[in-house]
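Quick mapping for you: the protein sequence lines, in order, are chains A and B.
Counted from 1, the first sequence has number 71 at position 71 by this note's numbering; the numbering is strictly sequential.
Each number in this note's numbering corresponds to the 1-based position in the second sequence with 1000 added.
Have a look at the structure below, then the notes.
There are 2 protein chains.
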Amino acid sequence: MERSPGSEIEIFRDFIKRKGLRYTQEREIILREVFNIHDHFDVDELYLRLRNKGYKVSKASIYRTLPLLIECGLVQEVYHEDGHMHYEHIYGHEPHAHFRCLSCRRVEEFSDDRLEEVAREYAERYGVEVKMTRFEILGYCSACRGREG
Amino acid sequence: MERSPGSEIEIFRDFIKRKGLRYTQEREIILREVFNIHDHFDVDELYLRLRNKGYKVSKASIYRTLPLLIECGLVQEVYHEDGHMHYEHIYGHEPHAHFRCLSCRRVEEFSDDRLEEVAREYAERYGVEVKMTRFEILGYCSACRGREG
DNA sequence: CAAGGTATTGAAAAGCTTTCTCAACAAAGG
DNA sequence: CCTTTGTTGAGAAAGCTTTTCAATACCTTG
Ligand SMILES: [Mn+2]
Ligand SMILES: [Mn+2]
Ligand SMILES: [Zn+2]
Ligand SMILES: [Zn+2]
């Protein structure tokens, strides 16, 4: 009988405990805000949202916590743009890929089972353990393809 | 009757001219070295290789030229790691995806036609123009999966 | 082929993002 | 509670990438 996976908070707490780390206020505050953002975000946006809500969490703590959230599979690096990384929470969401318009920078999500299939087959053939996959299409969206390109 | 696409040098020169830019020594030297490297590379490696061959090209020029090579489709950003971007030349190579081991950092290439299929279908359905695609599998290679994970 | 207009270059500075340092603090076990 | 020790915040440091600006080189024109 499989135990239900639980909320992101339980998952994170278990992960932190299993690693022998301490479950701090700051770590939970950051986790909660990451799951309040239903969009791609960067460190600065996360930091400002927390400040605007009155939480005093430092950027250093955000930079320290994100790798933990990624390691336990709750969060993912989505893409690197404008000199910094962009993230999203993935727990509770279907795996999906991204289209990014090189002109207007709009990002669209879509999913296709073949992508996970490709990863699964690669893993089987080469004996690797898949932690995550990332599929991106870069190009010009329908609105932009006329204007330049 | 379709004209043959030509070498990377012709393509780059045509691109530069079409944009009304100047075809300089430095730009060609950088282009040539990019196509001498049959691996993923970063700015520093490219810079050091040029210096070791006696070329005096500045990093600024490399940082200025890479976006041009990318814009004309000769080069691609492969992945961001250790705080900087890694590139590869793609002209003359089949499209391929990457597996990256999170432990030993080894990078393996593989290809699967389904990936281009997914992109082609997305483009058709949403009317976007695809410039490039990127598929990555992150995980632990067969050698590393026992040791940690 | 010479000259002039102007994009490009190199070197250094600046701008950013991310990491590190260290004293003060707080989590967690006894 | 008390103690131990990992964590935090603020600022410094460390990179990477972009910008600045005078000197240079490309290339068009005459
Ligand atoms: Mn997404
Ligand atoms: Mn490759
Ligand atoms: Zn667009
Ligand atoms: Zn490995």
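We treat Cβ as the ideally placed atom computed from N, Cα and C, and that holds for glycine.
Bear in mind the structure is a predicted one, so any value in this text is a computation, not a measurement.
Suppose contacts are defined by Cβ-Cβ distances below 8 Å. Is Gly1073 of chain B in contact with Tyr1087 of chain B by that definition?
Taking the first residue of the second sequence as 1, we reach residue 1073 of chain B at position 73. Taking the first residue of the second sequence as 1, we reach residue 1087 of chain B at position 87. No, these two residues do not count as a Cβ contact at 8 Å.
Interface residues of chain A facing Ser1142 of chain B [CB-CB closer than 9 Å]
Mapped onto the second sequence, residue 1142 of chain B falls at position 142. By Cβ distance, chain A contributes Tyr126, Gly127, Val128 and Glu129.
8 Å Cβ shell around Lys1017 of chain B - same chain, five flanking residues per side excluded:
As a working note, residue 1017 of chain B is residue 17 in the second sequence. Only Tyr1023 meet the Cβ criterion.
Nearest CA to the CA of Ile1011 of chain B: which residue from B:Phe1041, B:Val1043, B:Asn1036 and B:Leu1069?
Residue mapping note: residue 1011 of chain B aligns to position 11 of the second sequence, counting from 1. Nearest of B:Phe1041, B:Val1043, B:Asn1036 and B:Leu1069 to Ile1011 of chain B, Cα basis: B:Leu1069.
Could you work out which residues of chain A lie near Tyr1122 of chain B, taking near to mean beta carbons separated by less than 7 Å?
Locating residue 1122 of chain B in the second sequence gives position 122, where the first residue counts as 1. Within 7 Å of the CB of Tyr1122 of chain B, the CB atoms of chain A belong to Phe99, Phe110 and Ile137, in sequence order along the chain.
Using a Cβ-Cβ cut-off of 7 Å (strictly less than) and excluding sequence neighbours within five positions of Lys1059 of chain B, which residues of its own chain qualify?
For the purposes of this step, residue 1059 of chain B is taken as the residue at position 59 of the second sequence. Cβ within range, chain order: Val1043 and Tyr1047.
Roughly how many angstroms lie between the CA atoms of Gln1025 of chain B and Ser142 of chain A, to the nearest whole one?
Working through the second sequence from its first residue, we reach residue 1025 of chain B at position 25. Working through the first sequence from its first residue, we reach residue 142 of chain A at position 142. Each residue's CA atom was taken as its position, placing Gln1025 of chain B and Ser142 of chain A some 38 Å apart.
Against chain A, does His1018 of chain B count as a neighbour if the rule is that its beta carbon must be under 8 Å from one of theirs?
Within the second sequence, residue 1018 of chain B is the residue found at index 18, counting from 1. Residue 1018 of chain B is actually Arg in this sequence, not His. No, because no Cβ of chain A sits closer than 8 Å to the Cβ of Arg1018 of chain B.
Does the Cβ of Tyr63 of chain A have 16 or more other Cβ atoms within 10 Å, making it buried, or fewer, making it exposed?
Working through the first sequence from its first residue, we reach residue 63 of chain A at position 63. Flag for Tyr63 of chain A reads exposed.
Taking the alpha-carbon positions, what's the Leu1115 of chain B to Gly54 of chain A distance?
Against the second sequence, residue 1115 of chain B aligns to sequence position 115. Against the first sequence, residue 54 of chain A aligns to sequence position 54. Distance between the alpha carbons of Leu1115 of chain B and Gly54 of chain A: 45 Å.
Count the other CB atoms, across all protein chains shown, that sit within 10 Å of the CB of Gly146 of chain A; report buried if there are 16 or more and exposed otherwise.
Stepping through the first sequence from its first residue, residue 146 of chain A is reached at position 146. Exposed, because fewer than 16 other Cβ atoms sit within 10 Å of the Cβ of Gly146 of chain A.
Could you check which residue in B:Glu1121, B:Arg1105 and B:Asp1112 has the C-alpha nearest to that of Gly1139 of chain B?
Position 139 of the second sequence holds residue 1139 of chain B. Closest in alpha carbon position to Gly1139 of chain B, among B:Glu1121, B:Arg1105 and B:Asp1112, is B:Arg1105.
For Leu1115 of chain B, which residues in chain A fall below 9 Å Cβ to Cβ?
Looking up residue 1115 of chain B in the second sequence gives position 115. Those within 9 Å of Leu1115 of chain B in chain A are Arg114, Leu115, Val118 and Phe135.
Over what stretch of residues does the alpha helix (DSSP H) that includes Leu1074 of chain B continue unbroken?
By 1-based counting over the second sequence, the position of residue 1074 of chain B is 74. It is not in any alpha helix (DSSP H) - Leu1074 of chain B carries neither H nor E in the DSSP assignment.
Of the listed residues A:His84, A:Ile29 and A:Leu66, nearest to Val57 of chain A (C-alpha basis)
As a position in the first sequence, residue 57 of chain A is number 57, starting the count at 1. Checked all of A:His84, A:Ile29 and A:Leu66; the closest Cα to Val57 of chain A is A:Ile29.
Beta carbon proximity, Met1001 of chain B to chain A, threshold 8 Å
Reading the second sequence from its first residue, position 1 is the one you call residue 1001 of chain B. The pLDDT assigned to Met1001 of chain B is 49, lower than 50, so where the model puts this residue is not dependable; a value taken from the coordinates is nonetheless given after this. Judged by the 8 Å Cβ criterion, Met1001 of chain B is not in contact with chain A.
Measure the alpha-carbon distance for Thr1133 of chain B versus Asn1052 of chain B and round it to whole angstroms.
In the second sequence, counting from the first residue as 1, residue 1133 of chain B sits at position 133. In the second sequence, counting from the first residue as 1, residue 1052 of chain B sits at position 52. Cα to Cα, Thr1133 of chain B sits roughly 33 Å from Asn1052 of chain B.
What does the alpha-carbon distance come out to for the pair Phe1015 of chain B and Val1078 of chain B?
The sequence position of residue 1015 of chain B within the second sequence is 15, counting from 1. The sequence position of residue 1078 of chain B within the second sequence is 78, counting from 1. Rounded to the nearest whole angstrom, the C-alpha separation of Phe1015 of chain B and Val1078 of chain B is 22 Å.
Any chain B beta carbon closer than 8 Å to Arg64 of chain A:
Translated into the one-based positions of the first sequence, residue 64 of chain A becomes position 64. With a threshold of 8 Å between beta carbons, Arg64 of chain A makes no contact with chain B.
Ligand 5: which residues have Cβ under 6 Å from any of its heavy atoms, chain order?
You won't find ligand 5 in this model; what it holds is ligand 1, ligand 2, ligand 3 and ligand 4.
For a contact meaning CB atoms closer than 9 Å, what does Arg1145 of chain B contact in chain A?
Along the second sequence, read from residue 1 onward, the residue named residue 1145 of chain B stands at position 145. Result: Gly127, Val128 and Glu129.
Which same chain residues, not among the five before or five after Asp1112 of chain B, have their C-beta less than 7 Å away from its C-beta?
Counting from one through the second sequence, the residue named residue 1112 of chain B turns up at place 112. Counting only residues of its own chain and dropping the five nearest sequence neighbours on each side, Asp1112 of chain B has a CB closer than 7 Å to the CB of Ala1097.
Residues of chain A with CB closer than 8 Å to the CB of Leu1102 of chain B, please, in chain order.
Sequence index remark: in the second sequence, residue 1102 of chain B carries index 102 (1-based). Correct list: Lys131.
Grouping DSSP H, G and I as helix and E and B as strand, with all else coil, what is Lys1131 of chain B?
Numbered from its first residue, the second sequence carries residue 1131 of chain B at position 131. If DSSP states are grouped into helix, strand and coil, Lys1131 of chain B belongs with the strands.
Using a Cβ-Cβ cut-off of less than 7 Å, give me the residues of the segment 51-85 of chain A that come near chain B, in sequence order.
His80
Neighbour flag for Phe15 of chain A against chain B, beta carbons, 8 Å:
Here residue 15 of chain A is taken as the residue at index 15 of the first sequence, counted from 1. Output row for Phe15 of chain A: interface = no.
Pop quiz: Leu1050 of chain B and Glu1033 of chain B are said to be a contact at Cβ under 8 Å. What is the actual Cβ separation, rounded to whole angstroms?
Against the second sequence, residue 1050 of chain B aligns to sequence position 50. Against the second sequence, residue 1033 of chain B aligns to sequence position 33. Indeed they touch by this definition, with Cβ atoms about 6 Å apart.
Pull up the distance between the alpha-carbon of Ala123 of chain A and that of Phe1099 of chain B, whole angstroms please.
Residue 123 of chain A sits at position 123 when you count from the first residue of the first sequence. Residue 1099 of chain B sits at position 99 when you count from the first residue of the second sequence. Cα to Cα, Ala123 of chain A sits roughly 10 Å from Phe1099 of chain B.
What do you reckon, is the C-beta of Tyr1140 of chain B under 7 Å from a heavy atom of ligand 4?
The residue labelled residue 1140 of chain B in the question sits at position 140 within the second sequence. Yes, the Cβ of Tyr1140 of chain B comes within 7 Å of a heavy atom of ligand 4.
Contact check, His80 of chain A vs His1080 of chain B, beta carbons under 8 Å
Here residue 80 of chain A refers to the residue found at position 80 when the first sequence is read from its first residue. Here residue 1080 of chain B refers to the residue found at position 80 when the second sequence is read from its first residue. Result yes, Cβ atoms of His80 of chain A and His1080 of chain B sit closer than 8 Å.
Does the Cβ-Cβ distance between His40 of chain A and Val107 of chain A come in under 8 Å?
Within the first sequence, the letter at position 40 stands for residue 40 of chain A. Within the first sequence, the letter at position 107 stands for residue 107 of chain A. Taking 8 Å as the Cβ cut-off, His40 of chain A and Val107 of chain A qualify as a contacting pair.
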